[in-house]
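The structure under discussion appears below in the form of structure tokens.
Number of protein chains: 4
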Amino acid sequence: MSTQRPRRIGVLTSGGDAPGMNACLRAIVRTAVYHNLEVIGFQRGYCGVLLGEYLTLDARSVANIIHRGGTILGSARCPEMHHVEGLERAASTLKGLGIEALLVIGGNGSMQGALSLAEHWSGQIIGLPGTIDNDLGGTDWTIGFFTALDTALDAADRLRDTAEAFDRIFLLEVMGRHAGWIALFTGIGGGAEEILIPEHAYDPDTIVKRIKESRSRGKRSHIIVVAEGACEGGVSRVAADIEGHGFETRTCVLGHVQRGGSPVALDRYLATELGVFAVQAALDGKSHVLAGKQGKTNRLVPLNEALDGNNQPPMHLLEINRFLAT
Amino acid sequence: MSTQRPRRIGVLTSGGDAPGMNACLRAIVRTAVYHNLEVIGFQRGYCGVLLGEYLTLDARSVANIIHRGGTILGSARCPEMHHVEGLERAASTLKGLGIEALLVIGGNGSMQGALSLAEHWSGQIIGLPGTIDNDLGGTDWTIGFFTALDTALDAADRLRDTAEAFDRIFLLEVMGRHAGWIALFTGIGGGAEEILIPEHAYDPDTIVKRIKESRSRGKRSHIIVVAEGACEGGVSRVAADIEGHGFETRTCVLGHVQRGGSPVALDRYLATELGVFAVQAALDGKSHVLAGKQGKTNRLVPLNEALDGNNQPPMHLLEINRFLAT
Amino acid sequence: MSTQRPRRIGVLTSGGDAPGMNACLRAIVRTAVYHNLEVIGFQRGYCGVLLGEYLTLDARSVANIIHRGGTILGSARCPEMHHVEGLERAASTLKGLGIEALLVIGGNGSMQGALSLAEHWSGQIIGLPGTIDNDLGGTDWTIGFFTALDTALDAADRLRDTAEAFDRIFLLEVMGRHAGWIALFTGIGGGAEEILIPEHAYDPDTIVKRIKESRSRGKRSHIIVVAEGACEGGVSRVAADIEGHGFETRTCVLGHVQRGGSPVALDRYLATELGVFAVQAALDGKSHVLAGKQGKTNRLVPLNEALDGNNQPPMHLLEINRFLAT
Amino acid sequence: MSTQRPRRIGVLTSGGDAPGMNACLRAIVRTAVYHNLEVIGFQRGYCGVLLGEYLTLDARSVANIIHRGGTILGSARCPEMHHVEGLERAASTLKGLGIEALLVIGGNGSMQGALSLAEHWSGQIIGLPGTIDNDLGGTDWTIGFFTALDTALDAADRLRDTAEAFDRIFLLEVMGRHAGWIALFTGIGGGAEEILIPEHAYDPDTIVKRIKESRSRGKRSHIIVVAEGACEGGVSRVAADIEGHGFETRTCVLGHVQRGGSPVALDRYLATELGVFAVQAALDGKSHVLAGKQGKTNRLVPLNEALDGNNQPPMHLLEINRFLAT
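Below, the structure written as structure tokens:
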């Protein structure tokens, strides 16, 4: 771990993009500039490192982006980073450019990539949690989660309007292949009758039983929030299972709509705090750490620990939803 | 056509619900109360007429609903209205309750129902255009279209954020089995590269050709807005056709999300104007007419004319989109 | 009036900015490029013409702005345009640059400026209605009105939430020094108890009388929408008049918040249609006209006529609001 | 402290209303019903206790309110609670109704009232943090803060659009007589150039100096977020101080708009978690505590401690904003 203060840092956004990445870039660049660091912004995630595609960023480069969705650097998944050749090539770019610290904004895969890269490159690496999935260890919240959540909740609210006018069972598929955070919080916030998440075994019989019970009590509409990875077959299977019992369903698949939009205040706050904090960590010579938020405190957590202990959603919410959504 | 002023009127919301139906109910009820009319609100569309399920509505019944999605009366599609028995039964309820005029808020099917009912019941019938599809003749705009449109546009904007970060082709399916209004205006407003609507023949070869051309010019992301009824097979077929040429696509199906939400100002304005106008028409002894808006003028159009000449979307928008979305 | 097809056109946004100005610029530039015209974008309204500050705009210059508030060209009020020297200087820039047609997006003042300029410059001048005030003659709607309206309505809805929780009289000041459109439609859409606009004489006694009556009927909250120019002294005077009778009031001044925000679909549609239409008008050799929308039809109206007959808001809405907001 | 399980509980919402109060009521009532408790909902805060105005609430009473702003119970400030007579009267109502535990949703004043009441009534008292100000000790966040913040941030974003089009200094007054949370987070999230809060001494000279400096660097627009209580005289004084140096300002006063609106997901989540938690605390015989959230943990904190140590906003945000908003 170097205690040398870096003079040139690199930054990239990687993996699925998340609202707030731009706010984080702004904080990183302006903090760096304030400390007389040069900032290289690699384009399209690790691809930009591999291919040497980058921009030199100054304070003006990040003007007027704090409220914008997406990422001005672009993002990508970069399969070459799973191979030694790719990692060597990336390391070579970084060395060639004289990058002393690399700041990586992304999710699980991006942090894995950072650790792999660290085996081939001796510079400092600081991770920042940027993913709508909120599934990274070492931080309570990830940048983008709050906005994606409000997007999904808005859809749930709109479905409720029409569900009350009509008698139907609505299925709302939200993102989350491996993590139920968005589904869980959308379901709790939207007053959904059922919430299906990857962390909880899918049980169609119980769901159908509960639909029948509530119909017999006079309740005519149902909203079921389904995480992408709630079960094999996803929302189509859930729909088929329910329709198999004679109920009419309607499905809404939000998809990438959840990745976009102007970040809500909490995502901008988190992005800004962690951006400043990460640059300070770089200046302090830290490396192989994730800059995260735990309670009210900014914390540096070893990257491998952040990856080991992923962020489990609060499963008790499923239980309390049983008596809340009656 | 009776010139007798009605003392008791009925109102119902029918077909797919639309934002602004509640604002329209409020205007109808309060205008009626102001003119000393009693108002019976039938529940769940024509089903409430058939089954004699209704509420007596006064000025307080419609307090604090102007901004709410859905409809406090509920809505339904009512297949019994396609049969003489159903129509007779509905007429019988209306006679029994002493309803002198019936106000029907809905779309095409609801107006067809009104005309069928008119063959079995001699009271006045006034239609109000309430549907997100904007496909009724006799009026420039229908209540609910503007809100549904902004919901779809918000989704398109969010996709654009992420489309720019990533290289992908996004398909956004919006409502419109027979009418391309939502798709067309979402596509124009969202700057979509392609807009597929039922009124225009689906031509996958041209679409793929244009994707290839724009890729060769360096453009990496594409948004294609697809009306439900744009082609047989819908958005899944479009996705398959494009992926068949080696492009990666992501699909978002907005579905009933478009029916909900607090109505935007234009829908509330239209709902209010037409609600007041329809009650005045009833007081004036009009019948078998649709209360519509043409330009700045409220107009009564014979219901059968409104159904004959459906509201064609402005097809020239497809042409100008060719040079706008470059 | 030249029938020569222009090869170089200028465009500017002037006066108070309005959501949708960017969408209009996009449509103008891309239509012009499609027709092989060069486009000069003057910065900060007529100031840019006076000072020769401009950008050359191509199809890429207007990428990704259709959904953005503000105007990429900037806007300004330019007092020099009231003097012959200023007008001569502006004309001189236009001649020097070889501009054959000038497209001006703005409100009343901007169109006045265009007519004044026309006395000193012989090129074509086409106006486009861009103002949140909706007070231009010759067009049913102006670009920006719909978005400003929804912004104000959202504020009214939020006030209603808290007004119902508490017993208070809320005053919501919205824009409109000379035109009551925003106040009128916000009040109708928001279910406001009172709507005060410049076009209707301010009468505090009647307002206080109605507050007292509705209090005696048990109604405890009131929302009063006040256009800036509803009376001399504005919202402060209204508050003072009401508090003078022992009622507690709370005031909200929305101000320039109404000028910003991503344009709603209708504003983008209007901006796009009129942008295309204005360029076509320029190609057709038209001049001294406003490109407006009347009903479903695009129309060219002589600029002086558009300024003479300003767009009067539908005053009957004030009357129907008396029985709607009970 | 009773260890007897209560059979009848009371609940009220008090002080300034906050988005999420309804979601909290829903959680409280449904959790209570699930545990076979009766729930009395007092209307208009402590006024309802004093006057014996209440509703009996069951699971249906709180249907379809999770997403609504305001509070179905109404709220009020109740000066009688500062006097022994009022407190005695309130205690008498509670005894008469056989209330065993009282749940109070509100801010500082409401918790003070609860403690005063506790001197006259021996039942259990559980506080829940419901205020947009986020200034209660014992909890990281209060119900309503997140929504109010996003409302204010939306206004800041809209001002930014127009600020960039024009050259002006915009002042945005947000709520916070004694607490700078909303202003601080709005300023950080909105990229405001200045943030004025009650916790930091107002220094007009420094502000003007910085405006002059940034103008000399070519920056033409400024947004200054001002908490109501940032200085004596509030936003009008700030405007006067700045205009005194020859700058043109525009002021927006958001006011009670910040109290309304559908709660964002985080407020609904917090309201739901704490509602369930508070009922469980009542069942466990707890009293004189605030049900709060610290990090990811629900915590009971003695009410007097919660009031002593109020929640100080993160002042370092002011410092980092100096180099972020350049």
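Sequences listed follow chains A, B, C and D, in order.
Just so you know, we're using this note's numbering here: the first sequence kicks off at 459 and counts up by one.
Just so you know, we're using this note's numbering here: the second sequence kicks off at 459 and counts up by one.
Just so you know, we're using this note's numbering here: the third sequence kicks off at 459 and counts up by one.
Just so you know, we're using this note's numbering here: the fourth sequence kicks off at 459 and counts up by one.
For every residue, glycine included, the Cβ atom is placed at its ideal position computed from N, Cα and C.
Non-local beta-carbon contacts of A/H578 in its own chain, meaning distances under 7 Å to residues more than five positions away in sequence, involve L545, E546 and A549 in chain order. Against C/F628, the close residues of chain D are H714, in the order they occur along the chain (beta-carbon pairs closer than 7 Å). Rounded to the nearest angstrom, the Cβ distance from A/V520 to A/R465 is 19 Å, too far for a contact under 8 Å. Contact of D/E622 with chain C is assigned, a C-beta pair being separated by under 8 Å.
With its beta carbon at least 8 Å from every one in chain B, A/D742 lies outside the interface. Sorting A/D619, A/G634 and A/A650 by C-alpha distance to the C-alpha of B/G527 places A/D619 at the top. Under the DSSP assignment, C/Y660 falls outside any alpha helix (DSSP H); it carries neither an H nor an E label.
When only Cα atoms are considered, B/G588 and C/E777 end up about 24 Å apart. Annotation: Cβ neighbours of B/T609 in chain A (cutoff 8 Å, chain order): R616.
Straight through space, the alpha carbons of A/G473 and A/A740 are spaced by roughly 22 Å. For the 8 Å CB-CB criterion, D/G648 and C/T709 do not form a contact. Shown here for B/N762: same chain residues with a beta carbon closer than 8 Å to its own, the five before and five after excluded, namely L573 and H746 in chain order. In the DSSP assignment, C/A549 falls within the alpha helix (DSSP H) that extends over V542 to L555.
At a cut-off of 8 Å, the C-beta of C/S533 has a neighbouring C-beta in chain D. Check the Cα spacing between A/H680 and each of A/E686, A/G687 and A/S672: the tightest is with A/S672. Residues of chain C with a Cβ closer than 9 Å to the Cβ of B/K754 are, in chain order, D598, Q752, G753 and P772. Chain B has a Cβ within less than 8 Å of the Cβ of A/R708. Apart from sequence neighbours up to five positions away, the residues of its chain that approach D/H493 with a beta-carbon distance below 8 Å are V737 and L741, ordered along the chain.
One Cα belongs to B/G718, the other to C/T784, and the distance between them is close to 26 Å. For B/F781, no beta strand (DSSP E) run applies; the uninterrupted alpha helix (DSSP H) run containing it begins and ends at H774 to L782, by DSSP.
Under the rule that a run must span 4 or more residues, the alpha helix (DSSP H) segments found entirely inside the segment 628 to 706 of chain C read 639 to 648, 662 to 674 and 692 to 701. Taking C-alpha positions only, B/V715 is separated from B/L765 by approximately 27 Å. Contact between the segment 719 to 731 of chain D and the segment 597 to 617 of chain D is present: three or more C-beta pairs spanning the two stretches fall below 8 Å.
For the set D/G503, D/G596, D/L630 and D/G571, the Cα lying nearest the Cα of C/D625 is the one of D/G503. The C-alpha of D/G499 lies about 5 Å from the C-alpha of D/V469. Distances from the alpha-carbon of A/L555 to those of A/E690, A/T514, A/G743 and A/M569 put A/T514 closest.
Under the 8 Å criterion on CB atoms, A/T529 is classed as interfacial with respect to chain B. Interface criterion not met: the Cβ of D/D725 is under 8 Å from no Cβ in chain C. Closer than 7 Å at the C-beta level to chain D, one finds no residue of the segment 571 to 590 of chain A.
Contact check for D/A688 and D/L654: beta-carbon distance about 4 Å, within the 8 Å limit, so the pair qualifies.
Interface with chain B (8 Å Cβ-Cβ cutoff): C/A485 is included. Using a CB distance cut-off of 8 Å, B/L782 counts as an interface residue toward chain C. Assignment of B/I486 by DSSP, reduced to helix, strand and coil, places it in the helix class.
Here DSSP, grouped into helix, strand and coil, assigns C/A476 to coil. Rounded to the nearest angstrom, the Cβ distance from C/G532 to C/L560 is 17 Å, too far for a contact under 8 Å. For D/I524, the nearest CB of chain A lies under 8 Å from its own CB, placing it at the interface with that chain.
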